[in-house]
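Report on the following structure.
Residue numbers (the working numbering), protein chains in the order written: chain A, 119 to 207; chain B, 3 to 237.
Below, the structure is given as structure tokens:
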């Protein structure tokens, strides 16, 4: 069953805490405009690999390598938008 | 005083592999811990050993073996696959006199090597998730070096000889087995995860962290759960 939108956003927040070890309070304060890649020291290109796989498992989606580009991790909002689009597929 | 670790071994043919042991070797309950696989093994090492020390204080002995090709092993990683690791676990369980098996994450992909003992699993993972992450890490690393690599290139590398993923040289059989592997159904198995609620232990998925961490509360919860579980079955 597809997630409703808010559940997807909550799942993305949980991912950032679990995979990157970012403080829960920091993640809870994130808005759509909060920059991620380049702004969050925990998020490097290696950590992205683990994040994508865990996102697939938790949201029951498949992410193609072609889906992943630089904009995906630009901001919290862009990541949530991507996750929601995948869940809706 | 905290229990001192014993540095033990088990034998695979003529090859000795290392085992970290904690607790009284004559204890009634002796738990063989199958570590997570690849990078996750390192990320969980500290939390696991702290839990083992706690279990020793509770009168439960634990053994944490090196899988061939990992840690101190003289065996070569490119010669390993899930079957060679299963064979190693079977020998370790026999030689150390294990009464219970506890598998963490990818360890659950090979714990069916000892089907007759009671089993405990922490957050079992599909092999496909492990290998996908390793491939993505390699692809990202190559990209930073200006090289475009795809999954099919990595499979082709494995077919020719072996593929280097996150510092591990894997043969084709290992890659193909991982893509299919899931924790096997066993008669006597208890599965727990980290989080809040039934069949959960306090903690967070330390095995995912890019930066290794430990978590004293999680280790304490693991030890309490393993003590309770192992007392309830086998031995």
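No residue lacks a Cβ here, since even glycine has one placed at the ideal position from N, Cα and C.
Take the Cβ of residue 121 of chain B as the centre, count every other Cβ of all protein chains shown within 10 Å, and call the residue buried at 16 or more, exposed below. That one is buried.
Where does the unbroken beta strand (DSSP E) through residue 173 of chain B begin, and where does it stop? Annotation: the continuous beta strand (DSSP E) that includes residue 173 of chain B extends over 170-173.
Can you grab the Cα-Cα spacing for the pair residue 54 of chain B / residue 67 of chain B, in whole Å? As the crow flies, the alpha-carbon of residue 54 of chain B is around 13 Å from that of residue 67 of chain B.
Can you tell me whether DSSP reads residue 114 of chain B as helix, strand or coil? Reduced to three states, the DSSP call for residue 114 of chain B is helix.
If we ignore side chains and look at the alpha-carbon of each, how far apart do residue 175 of chain B and residue 141 of chain A end up? Taking the straight line from one Cα to the other gives about 40 Å.
Helix, strand or coil for residue 16 of chain B, going by three-state DSSP, please let me know. DSSP, reduced to helix, strand and coil, places residue 16 of chain B outside both helices and strands of the structure shown, so it counts as coil.
Taking only three categories from DSSP, how would you classify residue 126 of chain A? Helix, per DSSP.
Going by DSSP, what residue range makes up the beta strand (DSSP E) through residue 105 of chain B? First-last of the beta strand (DSSP E) with residue 105 of chain B: 102-106.
Between residue 189 of chain A and residue 196 of chain B, what straight-line distance do the alpha-carbon atoms span, to the nearest angstrom? Distance between the alpha carbons of residue 189 of chain A and residue 196 of chain B: 32 Å.
What first and last residue would you give for the alpha helix (DSSP H) that runs through residue 55 of chain B? Under the DSSP assignment, residue 55 of chain B falls in the alpha helix (DSSP H) whose first and last residues are 41-59.
Residue 209 of chain B and residue 107 of chain B closer than 8 Å at C-beta: Remark: C-beta atoms of residue 209 of chain B and residue 107 of chain B approach each other more closely than 8 Å.
Does the segment 29-49 of chain B come close enough to the segment 59-73 of chain B to have 3 or more Cβ pairs within less than 8 Å? Output reads yes: the segment 59-73 of chain B touches the segment 29-49 of chain B.
Quick test of your reading: residue 115 of chain B and residue 77 of chain B, contact by CB under 8 Å. State the CB separation rounded to the nearest angstrom. Between residue 115 of chain B and residue 77 of chain B a beta carbon distance of about 16 Å is seen, past the 8 Å cut, so the two are scored as non-contacting.
CA-to-CA distance, residue 44 of chain B to residue 178 of chain B, given in whole angstroms: Their backbone Cα atoms lie some 23 Å apart in a straight line.
Looking only at its chain, what residues have a beta carbon closer than 8 Å to the beta carbon of residue 121 of chain A, apart from the 5 residues adjacent to it on each side? Because residue 121 of chain A sits at a pLDDT of 48, beneath the cut-off of 50, its placement in the model cannot be relied upon, and the following sentence gives the value as read from the coordinates. Cβ neighbours of residue 121 of chain A beyond the five flanking positions: 129, 177 and 205.
Element boundaries [alpha helix (DSSP H), containing residue 158 of chain A]: Premise fails: residue 158 of chain A is in no alpha helix (DSSP H) and is neither H nor E.
Cα-Cα separation between residue 154 of chain B and residue 172 of chain B, rounded to whole angstroms: Cα to Cα, residue 154 of chain B sits roughly 15 Å from residue 172 of chain B.
Assess, as a yes-or-no matter, whether the segment 170-186 of chain A is touched by the segment 17-31 of chain B under the definition of 3 or more beta carbon pairs within less than 8 Å. No contact exists between the segment 17-31 of chain B and the segment 170-186 of chain A.
Quick one: which unbroken alpha helix (DSSP H) runs of 4-plus residues sit fully inside the segment 174-215 of chain B? Chain order, please. For the segment 174-215 of chain B, the continuous alpha helix (DSSP H) assignments of 4+ residues that do not extend past its boundaries occur at 174-182, in sequence order.
Distance check for residue 94 of chain B and residue 19 of chain B, CA to CA, integer angstroms please. It is roughly 9 Å from the alpha-carbon of residue 19 of chain B to the alpha-carbon of residue 94 of chain B.
C-beta neighbour in chain A for residue 97 of chain B, strict 8 Å: With a threshold of 8 Å between beta carbons, residue 97 of chain B makes no contact with chain A.
Could you check the C-alpha separation between residue 130 of chain B and residue 140 of chain B for me, to the nearest Å? Computed Cα separation, rounded: 15 Å.
For the segment 159-172 of chain A, which residues have a CB atom closer than 9 Å to at least one CB atom of chain B, in sequence order? Those residues of the segment 159-172 of chain A placed with their C-beta closer than 9 Å to a C-beta in chain B are 160, 161, 162, 163, 164, 165, 166, 167, 168, 169, 170, 171 and 172, ordered along the chain.
Under the rule that 16 or more other beta-carbon atoms within 10 Å means buried, what is residue 87 of chain B, buried or exposed? Buried is the label assigned to residue 87 of chain B, since at least 16 other Cβ atoms lie within 10 Å of its Cβ.
Examine chain B for any beta-carbon lying closer than 8 Å to the beta-carbon of residue 139 of chain A, and answer yes or no. Residue 139 of chain A counts as touching chain B.
Comparing the C-beta of residue 48 of chain B with each C-beta of chain A, is any distance below 8 Å? Not one chain A Cβ lies under 8 Å of residue 48 of chain B.
Examine chain B for any beta-carbon lying closer than 8 Å to the beta-carbon of residue 187 of chain A, and answer yes or no. Chain B, which has no Cβ nearer than 8 Å to the Cβ of residue 187 of chain A, makes this no.
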